[in-house]
Every structure is written in structure tokens, then in C-alpha cells.
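Participant:
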Amino acid sequence: MLPFSFEKFHRESRITHSMRLLLLFLAFSLISSAPAEEKGKNPLEARLISEMQTIAPGKIFYVGMHLNHPTGYHTYWKHPGIVGVPTSIKWDLPAGVKREKSSGQLPMP
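Note that the sequence shown covers residues 946 to 1054 in my numbering.
#1: Which residues share a DSSP beta bridge with residue 995?
#2: Can you give the Cα-Cα distance for residue 963 and residue 972, rounded to whole angstroms?
#3: Spatial neighbours of residue 946 within its chain, please: CB distance less than 7 Å, with the 5 preceding and 5 following residues excluded, ordered by chain position.
As C-alpha cells, this is what we get:
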């Protein structure tokens, strides 16, 4: 007969179980207290690049868009981007300036 006590085994398994629960609780507490990314902050930087140094009335000019992505972010041309919606541009143009549809040129890496 082996020197084995069910009472001792039961008490040790309760302690082990309690320790596991405590560690699990601490792990979730640490994860939930980690700083989250600031809501509403747009991590994407965009700027327009023009072929012209000055713009004259009645003259056609072209602009390109340069996107600067933070590490881990990306967008797709005419396909869902960073947040799962297609990349789009909302133009706020001065009076008298018209915008034509894009030429459909492929993006440059």
C-alpha cells in the first residue's frame, strides 16, 4: 500500500487550481490595462504632389497622392483599405476649380 492521502491531494489540487485562476485573472488585468490606440486619430498621412509649381486659370494640371503609412498599416487601390472600406478622397475645392475623374493610373510602390 502506498502512503497516499486523498485529503492532502485534494487540498493541493485546490491550491493549484486557485493559483491558476489568480494567474489567469492577473494576465487578463494586465492585458486590459494596456494602453489602446487613440480613437479618432488617423495614422495615415496623405499629401498631394503637383506637376505644376503654380496654377493658372484655364490650365489643366495633374496631382498625385503620396500616402505615408505607419508600420503595420496599408491601403489598397480601389479596394478595402486600413479600416475595411475603399480608399476615397473628399475634395474641398475653391470656387471655379473642377475635378475630373482619376486617370486610372496604377499606384507606385
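We put the beta carbon where it would ideally sit given N, CA and C, even for glycine. Note that this is a predicted model, so its numbers are computed, not measured.
Facilitator: The short version:
#1: Within the sequence shown, the letter at position 50 stands for residue 995. According to DSSP, residue 995 bridges with 1008.
#2: As a working note, residue 963 is residue 18 in the sequence shown. As a working note, residue 972 is residue 27 in the sequence shown. For residue 963 and residue 972, the distance between alpha carbons rounds to 14 Å.
#3: Here residue 946 corresponds to residue number 1 of the sequence shown, with the count starting at 1. Residue placement at residue 946 is poorly supported in this model, since its pLDDT is 49, which falls under 50; the coordinates still yield a value, given next. Result list for residue 946: empty, nothing under 7 Å.
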